[in-house]
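K.L.:
Each residue of the sequence shown is one higher than the last, beginning at 984 in the numbering used here.
By construction, the Cβ of each residue, glycine as well, lies at the ideal position given by its N, Cα and C atoms.
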Amino acid sequence: MTAVLVWFRGRTMREQRLLLAMMVLFVITLVFAGIIRPVRDGLESTRQRHAAAEIRLGEIKAQVAQVKAIQRGRPRTPEGALADAIRTRADEAGFVLASLELDGDRIRIAIATARPGPLLSWIAGLEADGLLVDSSTVTGNGDGTVAATLTFKGRRP
């Protein structure tokens, strides 16, 4: 450090002032480039991320509201035993059940003969009332009717 001080004092007054001005400008540049600019860029980046997060939050809240609206309008599983509900609905529609088996929380039915249009309408009506078709097999009988094996399950609340 003393060597630098000796070198500095060996300069003329004009050179000393220019060197001091250069050092002041160098320190200002270092402070700006090393502290102020990174902090300002970080704040701007944080503002942008915050704005993007607010937009995402608004979109997610709108989607949650849509899901809740769908859930409020969603039909529930019919009260009582599902087997009784299916048997009653089949009788009302004029379908003769060849078999009805309980398989845990699922019900498997077989219809030996039915017209395809009314059968599919009946299935759609059951789904609208809260019974879901878990699996189905519909095969043609060759006489314009179909045979169906359907597995239903209740919709979860």
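1) Measuring CB atoms only, is the region 1114-1130 touching the region 1088-1096, in the sense that at least three cross pairs come out at less than 8 Å?
2) In chain order, what residues of the same chain lie with their CB nearer than 7 Å to the CB of residue 1096, ignoring the 5 residues before and after it?
3) How about residue 1002 and residue 991: are their beta carbons less than 8 Å apart?
4) If you check the beta carbons only, do residue 1070 and residue 1080 fall under 8 Å apart?
5) Tell me the start and end of each unbroken alpha helix (DSSP H) in the region 988-1024 that is at least 4 residues and wholly inside, in chain order.
6) Identify every residue that forms a DSSP beta bridge with residue 1125.
7) State the start and end residues of the unbroken beta strand (DSSP E) segment that holds residue 1086.
8) Could you spell out where the beta strand (DSSP E) holding residue 1089 opens and where it closes?
9) Suppose contacts are defined by Cβ-Cβ distances below 8 Å. Is residue 1109 in contact with residue 1135 by that definition?
10) According to DSSP, is residue 1137 part of a helix, a strand, or is it coil?
11) State the Cα-Cα distance for the pair residue 1121 and residue 1105, rounded to the nearest angstrom.
12) Suppose you measure from the CA of residue 987 to the CA of residue 1031; what does that come to, to the nearest Å?
13) Taking the C-alpha atoms as reference points, what is the distance between residue 1048 and residue 1017?
14) For residue 1078, count the other beta carbons within 10 Å of its own beta carbon; 16 or more makes it buried, fewer makes it exposed. Which is it?
P.N.:
A quick look at the data gives this:
1) yes
2) As a working note, residue 1096 is residue 113 in the sequence shown. These residues qualify, in order along the chain: 1124, 1128, 1130.
3) Taking the first residue of the sequence shown as 1, we reach residue 1002 at position 19. Taking the first residue of the sequence shown as 1, we reach residue 991 at position 8. Against a cut-off of 8 Å, the Cβ pair of residue 991 and residue 1002 comes out as a contact.
4) Within the sequence shown, residue 1070 is the residue found at index 87, counting from 1. Within the sequence shown, residue 1080 is the residue found at index 97, counting from 1. Yes, Cβ-Cβ distance for residue 1070 and residue 1080 is below 8 Å.
5) 996-1014
6) As a working note, residue 1125 is residue 142 in the sequence shown. Answer is none; residue 1125 lacks a bridge partner.
7) To locate residue 1086, count along the sequence shown from 1; it is residue 103. Residue 1086 -> beta strand (DSSP E) spans 1080-1086.
8) As a working note, residue 1089 is residue 106 in the sequence shown. Where residue 1089 is concerned, the enclosing beta strand (DSSP E) stretches over 1089-1097.
9) Taking the first residue of the sequence shown as 1, we reach residue 1109 at position 126. Taking the first residue of the sequence shown as 1, we reach residue 1135 at position 152. Yes. Within cutoff.
10) Position 154 of the sequence shown, counting from 1, holds the residue named residue 1137. Here residue 1137 sits in strand by DSSP.
11) Here residue 1121 refers to the residue found at position 138 of the sequence shown. Here residue 1105 refers to the residue found at position 122 of the sequence shown. If you take the alpha carbons of residue 1121 and residue 1105, they lie about 14 Å apart.
12) As a position in the sequence shown, residue 987 is number 4, starting the count at 1. As a position in the sequence shown, residue 1031 is number 48, starting the count at 1. About 47 Å.
13) Working through the sequence shown from its first residue, we reach residue 1048 at position 65. Working through the sequence shown from its first residue, we reach residue 1017 at position 34. Taking the straight line joining both Cα atoms gives about 47 Å.
14) By one-based count along the sequence shown, residue 1078 stands at place 95. Under this definition residue 1078 is a buried residue.
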